[in-house]
Amino acid sequence: MAWNEPGPNRDPWNQGPGGGKRGGDGPPDLDELLRRLKARLGGKKGPRPASGGGSGSGLPKGAIGLGVAVIAALWLFTGFYVVDEQERGVVLRFGEYSKTTPPGWGWHAPWPIETKELVNVTQVRQVNDRATMLTKDENIVDVELTVQYRVSSAEQYLFSVDDPDMTLRQATKSAVRETVGRSEMDFILTEGRQAVADRTKQLLQDRLDAYKCGLIVTEVNLQQAQPPEAVQSAFADAIKAREDQQRVKNEAEAYANDRLPRARGAAARQLEEAQAYRDQVVARAEGDASRFSQLVTEYRKAPKVTRDRMYLDTMTQVLSGSSKVLVDSKPGNNQMLYLPLEQLLKAVPKTDEAPDYSMPQGLAGRNGTAVPTDPSRTRDRGR
């Protein structure tokens with residue numbers, strides 16, 4: 002019979018701890034209710050009413066299963082994650098490295114089985130270092146260096162060393178000091194700045210690879226390299242003197258480059274002229290010797306004819322190169338002649354043709370008669 006049916010001792014709310022009836026309409030025993038609930042949830046059979054019980058005495062098994070399923074679904078759903086394009090996902094299984102996932106959607110067993118770490122592998126990071134260092138020639142120089150790097154391996158970055166960024170800073174200090182210590186001060190301050198940066202980058206990358214930090218150095222810039230502040234004025238004077246020396250040297254080289262080609266050209270021209278003169282003299286001498294040999298042969302055959310011909314040729318050569326004025330003067334004629342030599346010389350043709358020795362028009366003696374010319378009687382009035 003149900004507890005709400007009429008009859009004595011049928012109301013469970015009015016029974017005491019021993020099953021007796023509580024007096025009046027007092028409140029129900031909460032401890033007894035909790036005990037019964039725990040017994041039902043734990044699978045134990047608690048005291049039942051005298052007649053068939055209803056479903057309201059405990060939670061339904063279907064509701065409990067549904068709740069467990071929802072909780073499990075929510076727990077599994079927490080394993081989904083998204084990796085951005087510039088990141089890589091590192092999955093840990095019970096704290097140990099399991100795998101690396103590319104950008105996109107991913108899933109791992111929810112906590113506490115697996116966890117994930119996201120590492121940005123495209124972000125360019127930067128480290129600055131400035132210190133006073135000793136060079137190879139025992140000089141002191143202040144160097145300021147900037148190192149740019151990024152993550153190359155997410156696994157090594159997380160697990161190989163405790164603090165990769167701090168490791169890179171320490172390795173940078175070591176690499177730049179080694180490079181500066183192997184270089185001279187003038188080389189560092191002048192043309193060797195880029196060489197120092199390249200050497201530092203190579204040493205730094207080798208050490209990071211040896212430590213397996215998972216970092217790659219993208220750029221090393223030598224921002225500043227100068228002597229200590231206490232000696233900067235003296236060093237500036239030294240640099241100015243070196244620049245003046247270089248300027249004067251460049252000017253001297255420019256002057257030499259201008260003069261030497263000219264001198265070489267003049268020397269080559271003189272050599273060519275001397276060689277041409279030598280060839281000319283030799284050829285002329287050979288020609289004269291050959292002509293003389295031929296004249297000797299002809300002279301032996303006809304001495305008189307050859308002698309007259311030689312005389313005529315010689316006089317032709319002598320008279321053809323000078324200006325001449327021919328005057329015919331009869332014996333016993335004491336008349337004074339007026340000879341305008343300037344006009345006569347101007348009238349002489351300037352060609353290699355034989356000159357015309359005839360009296361120009363308007364040139365006459367005092368009596369008005371023309372002065373005849375006699376080629377047999379000549380007198381050189383020229384140069």
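Per our numbering, the very first residue in the sequence shown carries number 2; after that it's consecutive.
Virtual Cβ for every residue (Gly too), placed ideally from N, Cα, C.
For residue i, count the other beta carbons within 10 Å of its own beta carbon; 16 or more makes it buried, fewer makes it exposed. Which is it?
| i | result |
| --- | --- |
| V120 | buried |
| E273 | exposed |
| P304 | exposed |
| I189 | buried |
| A290 | exposed |
| P61 | exposed |
| V249 | exposed |
| K282 | For clarity, residue 282 is Val in the given sequence; the question names Lys instead. Looking at its Cβ environment, which holds fewer than 16 other Cβ atoms inside 10 Å, V282 is exposed. |
| P165 | buried |
| L261 | exposed |
| G25 | For G25, the predicted structure reports a pLDDT of 45, less than 50, and the residue's modelled location is therefore unreliable. A value from the coordinates is still provided. Label assigned to G25: exposed. |
| N368 | Note that N368 has pLDDT 40, beneath the 50 cutoff, so the model's placement of it is unreliable and the number below is only indicative. Per the 10 Å Cβ criterion, exposed. |
What's the gap between the Cα of residue i and the Cα of residue j?
| i | j | result |
| --- | --- | --- |
| G68 | V125 | 48 Å |
| V297 | N258 | 58 Å |
| Y312 | E287 | 22 Å |
| T101 | Y150 | 21 Å |
| R292 | A275 | 25 Å |
| T191 | S184 | 12 Å |
| D245 | T136 | 25 Å |
| V306 | T317 | 16 Å |
| R270 | D280 | 15 Å |
| Y82 | A155 | 17 Å |
| V319 | K325 | 11 Å |
| V84 | I72 | 25 Å |
| G96 | E115 | 7 Å |
| R36 | E118 | 46 Å |
| G63 | A70 | 11 Å |
| E139 | M186 | 8 Å |
| P341 | Y278 | 42 Å |
| E343 | V328 | 16 Å |
| F236 | Q203 | 30 Å |
| Q247 | Q195 | 21 Å |
| A40 | D32 | 12 Å |
| T123 | F160 | 19 Å |
| R310 | K347 | 32 Å |
| D314 | A268 | 40 Å |
| G266 | R285 | 28 Å |
| D238 | G182 | 25 Å |
| N251 | D210 | 46 Å |
Under 8 Å, do residue i and residue j count as touching if we go by C-beta distance?
| i | j | result |
| --- | --- | --- |
| G90 | Q157 | no |
| T180 | V197 | yes |
| Q224 | Q233 | no |
| R208 | A172 | yes |
| V142 | V128 | no |
| G66 | W108 | no |
Less than 8 Å between C-beta atoms, sequence neighbours within five positions excluded: which residues of the same chain meet that for residue i?
| i | result |
| --- | --- |
| K174 | D130 and A132 |
| R170 | V128 and D130 |
| D199 | V221 |
Only counting the same chain, and skipping five residues up and downstream in sequence, which positions put a Cβ closer than 6 Å to that of residue i?
| i | result |
| --- | --- |
| A385 | In the structure as shown, the chain starts at 2 and stops at 384, and residue 385 therefore has no counterpart that could be examined. |
| E86 | P104 |
| E88 | L119 and N121 |
| Q206 | V218 |
| Y300 | T307 |
| S294 | none |
Skipping 5 residues on each side, what residues in its chain have a beta carbon closer than 7 Å to that of residue i?
| i | result |
| --- | --- |
| W76 | P111 |
| V177 | D130, V144, L146 and T201 |
| T168 | V162, Y212 and C214 |
| G193 | S184 |
| G57 | Since pLDDT at G57 reaches only 46, below the 50 mark, its modelled position is unreliable, and the value read off the structure follows with that caveat. Closer than 7 Å at Cβ, skipping near neighbours: no residue. |
| R240 | Residue identity check: residue 240 is Ile in the sequence provided, not Arg. Cβ within range, chain order: n/a, list empty. |
| S99 | V92, L93 and E115 |
| P229 | T133, I141 and D143 |
Can you check whether the C-beta of residue i is within less than 8 Å of a C-beta belonging to chain B?
| i | result |
| --- | --- |
| V306 | This model lacks chain B altogether, as it is built from one protein chain only. |
List in chain order: all unbroken beta strand (DSSP E) runs of 3+ residues lying wholly within the stretch 180-227. 216-227
Extract the residue ranges of the alpha helix (DSSP H) inside the stretch 139-167, only unbroken runs of 4 or more that lie entirely within it. Runs found: 155-160.
Ignoring anything shorter than 3 residues or poking outside the stretch 75-140, list the beta strand (DSSP E) runs there in chain order. 81-84, 88-94, 97-102, 105-108, 115-121 and 126-135
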